[in-house]
Amino acid sequence: MGAIDITAPAAANQRQAPLSMSRPLLVLEGIEKGFGGAQVLHGIDLTINDGEFLTVLGASGSGKTTVLRLIGGFTEPSAGRILFEGADIVSVPAYRRPVNTVFQDYALFPHLTVAGNVAYGLEARGTARDVLRPKVAEALERVALKGFDARYPSQLSGGQRQRVALARALVLEPRLILLDEPLGALDAALRRQMQVFLKQLQREIRTTFLLVTHDQEEAIVMSDRICVLDAGRIAQIGTPHELYYRPASEYIARFFGDNNLIEGRLGPSAAAVRFVETAAGRLMVSTKDQSDVAEAPTGTPVKIALRPEAIQVAPGSEFENHLSGTIRDVTFAGAISQIVIQPSGETARPLTIKLASRAAGLGLSRGQPISAGWRSADCRILLR
Amino acid sequence: MTFPWPVAWALRAFAGLVLVILYGPLAVAVVLSFFDQTGTSVDWSSFGLQWYAKLFANRGIGEALVNTFIVGAGTVVTSVVLGTVFALYFQYGGSPWRGLHRAIIVTPFLLPPIVTGLSLLIFFREVGVPRSLLTVVIGHTLLVLALVYRTILQRLQSLSPQLIEASYDLGATRAYTFRRVLLPHLASAAVAAGVLAFALSFDETLITLLVTGSDNTLPLRLWAMVRTGFTPDMNALITLILAATAALSVAVISLVRPQP
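From first to last, the protein sequence lines are chains S and P.
Each position in the first sequence, counted from 1, maps to that position plus 16 in the working numbering.
Each position in the second sequence, counted from 1, maps to that position plus 447 in the working numbering.
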């Protein structure tokens, strides 16, 4: 599409105006949901901003699909409000909500062709045939399914069905598109391709996407923000960067990539840092943006989250934390190598280090003594 | 697993023999319907459709054929409509009695037809319903509804609830969803059930015999012909009923078979 598209309808032009990322589109307020005695969601407060790509991430049973079904209008909250641009839509039936869903198993109508499926929503709204045709064609073109109009869903591959489901939602120009594990049924290569495609599409059409997934890598790659659900509660909301580098809890630290978790007790504070007494000695950790950690009483049991890639071998003096030990294991994994070291403290747990293989290859081998270090700013104290 | 050749041959011979003994007589009637016969000797030079011509020259047969189609059509419409409504009631009615309802509908198919027929006969007489083709349709519906209902219910239960949700999600109301998603999903099952209903109604004899008035259907006509002595045109009638039943069965099988 060119920079200026005079054929586009006025509404579409309006949507291409710069969006302020902070304008809330949909707000969940104190949402509770129980299914016959079992409480699935506890006091969910979540704001989805206009134009953003937000992912609700959680293990199975975390309640993430229920969040999506509440917004889609397929189930009602036991308590709380769902505000769409300020208006409560809890009592609005699914067929009158300005959101559309891409279902997990696509839920294409098997008795309708690809074009029939995509046209369905417009037909249900009573759109005239001559208005409908070009819209359907445009939606199919957008998902690279031009020429597939007359096929039936049973004649398509998984990836193609997925794109029909997407086109079926896009054609209605909803304000919010809900995607329920849309890539779950695809193989790994196709999934990566679709991740990029979805992200690009979302940028192009500037529509708010709410994705539900259990795949943390998918969430990191695609999202502007991620909301992690743990057993029906929000564990943390933030950008992928924040969740990765500033986990709010041990759960998040374990959920996103690898982390060394070093147990210890809080020691004295200093300017913007806090000392932690551990089996591997006294460690210095930054308390930036963590007033709760800075103020927690001395002796509180905590864990330190430390990324394997943040640890340096044979560190210089700019690293506040140093320890020495022996190499227990070296694993070559292509571009990076993983080294497990046993710190010299008696009860200290082993630490995992990830190094670029070029560096690791400089004669590191099992049983060899090693010194390692990291910056106070590269680790983080977890109170829970 | 493969059998040693003597066992394999014995199995084939046995299967062939049973086929001939059990199903051969049907073939005999079909073959003989095309030839003249004097006593038990067949005139093989007389191949032709003369008995079919004679059969249709007999006004009773034409009328019986028309009656059979009227009853069949009535039974198909009644049982498919009721079967669909009852299947919807079972699936979406939310009634605690639905299980009992289903059991009652299925029962007449398992009952001996003579019991069903006699019960209906007694009921019609007590209530004072004149026996006619209408009472025959009622009797046939009672019999075939079990199968029609089960076929349609099964299809209804195979409908993914996600399709209904997808329809709502795309802005369709309940009524629109019913028309565009639910009914098309049931359509081929309803057609298959209808053909099955017609096939069953077409050759139903016992209940028909008990609840009909003065109207004859094809099987009843055949029954009446047997009682007055054998004539060669009966072979023609048997062949026609056989052919119709076979055609309908093939139709049912191809319709019920799941789509790829």
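Note that beta-carbon positions come from the ideal geometry of N, C-alpha and C, so glycine has one too.
Got a sec: which bits of the segment 110-132 of chain S sit with their beta carbon under 7 Å from any beta carbon on chain A, in order along the chain?
The chain labelled as chain A is not found among the protein chains of the depicted structure, namely S and P.
Mind checking if Gly200 of chain S is an interface residue toward chain P, Cβ cutoff 8 Å exclusive?
Residue contact check for Gly200 of chain S against chain P: no CB pair falls below 8 Å.
So Phe291 of chain S is in the alpha helix (DSSP H); what residue range does that whole segment cover?
Taken as a continuous stretch (DSSP letters only), Phe291 of chain S belongs to no alpha helix (DSSP H), being part of the beta strand (DSSP E) at 289-294.
Chain P partners of Phe90 of chain S, CB-CB under 7 Å?
Glu612
Alpha carbon to alpha carbon, how far is Asn276 of chain S from Arg290 of chain S?
18 Å
Apply the 10 Å Cβ neighbour rule to Ile552 of chain P and answer buried if 16 or more other Cβ atoms are within range, or exposed otherwise.
buried
The beta strand (DSSP E) that contains Gln354 of chain S, what's its start and end?
352-359
Between the CA atoms of Val465 of chain P and Ser492 of chain P - distance to the nearest angstrom:
30 Å
Residue-level contact to chain S via CB, Gln601 of chain P, 8 Å cutoff:
Judged by the 8 Å Cβ criterion, Gln601 of chain P is not in contact with chain S.
Does the beta carbon of Ser607 of chain P come closer than 8 Å to any beta carbon on chain S?
yes
What residue from S:Ile355, S:Glu92, S:Val244 has the CA that sits closest to Phe272 of chain S's CA?
S:Val244
Return the residues of the segment 161-188 of chain S that lie within a Cβ-Cβ distance of less than 9 Å from chain P, sorted by chain order.
Ser170, Ala181, Arg184, Ala185, Leu188
Same chain, Cβ closer than 7 Å to Asp650 of chain P, five either side skipped, listed in chain order
The beta carbon of Asp650 of chain P is closer than 7 Å to those of Pro666, Ile688, Thr692 in its chain, skipping five residues each way along the sequence.
When the distance is taken between beta carbons, is Met238 of chain S closer than 8 Å to Gln209 of chain S?
Annotated as distal: Gln209 of chain S and Met238 of chain S, with beta-carbon spacing of 8 Å or more.
Inspect the beta-carbon positions of Val228 of chain S and Glu197 of chain S and report whether they are closer than 8 Å.
yes
Rounded to whole angstroms, what's the CA-CA distance from Pro114 of chain S to Thr63 of chain S? Just pull it up for me.
Whole-angstrom Cα-Cα distance: 16 Å.
Taking the alpha-carbon positions, what's the Ala123 of chain S to Gln178 of chain S distance?
9 Å
With 9 Å as the C-beta to C-beta threshold (strictly closer), list the residues of the segment 137-161 of chain S near chain P in chain order.
Gly137, Leu138, Glu139, Ala140, Arg141
Kindly indicate which residue of S:Tyr267, S:Ile221, S:Lys162, S:Ala110 has the alpha-carbon position closest to the one of Val134 of chain S.
Of the residues S:Tyr267, S:Ile221, S:Lys162, S:Ala110, the one whose Cα lies closest to the Cα of Val134 of chain S is S:Lys162.
Which residues does DSSP pair with Glu325 of chain S in a beta bridge?
Bridge partners of Glu325 of chain S: none, in fact.
Could you check whether Ala613 of chain P and Phe119 of chain S sit closer than 8 Å to each other, using their CB atoms as the reference points?
yes
Ends of the alpha helix (DSSP H) at Phe537 of chain P?
506-539
Within 8 Å of any Cβ in chain S, is that where the Cβ of Tyr623 of chain P sits?
yes
Suppose you measure from the CA of Ala160 of chain S to the CA of Ala640 of chain P; what does that come to, to the nearest Å?
It is roughly 41 Å from the alpha-carbon of Ala160 of chain S to the alpha-carbon of Ala640 of chain P.
Quick check on DSSP: helix, strand or coil for Asp680 of chain P?
helix
Report the CB separation of Gly519 of chain P from Phe645 of chain P in whole angstroms; it is logged as a contact under 8 Å.
5 Å
Judging by CA-CA distance, which residue of S:Ser170, S:Trp390, S:Ile87 is the nearest neighbour of Arg191 of chain S?
The shortest C-alpha separation from Arg191 of chain S is found at S:Ile87.
To the nearest angstrom, report how far apart Ala185 of chain S and Leu156 of chain S are at their CA atoms.
Computed Cα separation, rounded: 11 Å.
Alpha carbon to alpha carbon, what distance is there between Leu702 of chain P and Tyr168 of chain S?
19 Å
Mark Val528 of chain P as exposed unless 16 or more other C-beta atoms lie within 10 angstroms of its C-beta, in which case mark it buried.
exposed
Can you pull the chain S neighbours of His587 of chain P, defined as C-beta to C-beta under 7 Å?
Near His587 of chain P there are no residues of chain S at all, since even the closest Cβ is about 31 Å away, more than 7 Å.
Would you mind telling me which residues of chain S sit closer than 8 Å to Tyr615 of chain P, beta carbon to beta carbon, in chain order?
Gly89, Phe90, Pro109, Ala110, Tyr111
Rounded to the nearest angstrom, how far is the Cβ of Glu48 of chain S from that of Asp61 of chain S, given a contact under 8 Å?
That belief does not hold up - the Cβ atoms of Glu48 of chain S and Asp61 of chain S are roughly 11 Å apart, past 8 Å.
Look at Ile193 of chain S and Asn116 of chain S and say whether their C-beta atoms are less than 8 Å apart.
yes
Counting only beta-carbon atoms, is Gly618 of chain P nearer than 8 Å to chain S?
With respect to chain S, the C-beta atom of Gly618 of chain P has a partner C-beta closer than 8 Å.
Just how far apart, CA to CA, sit Ala462 of chain P and Ile468 of chain P?
10 Å
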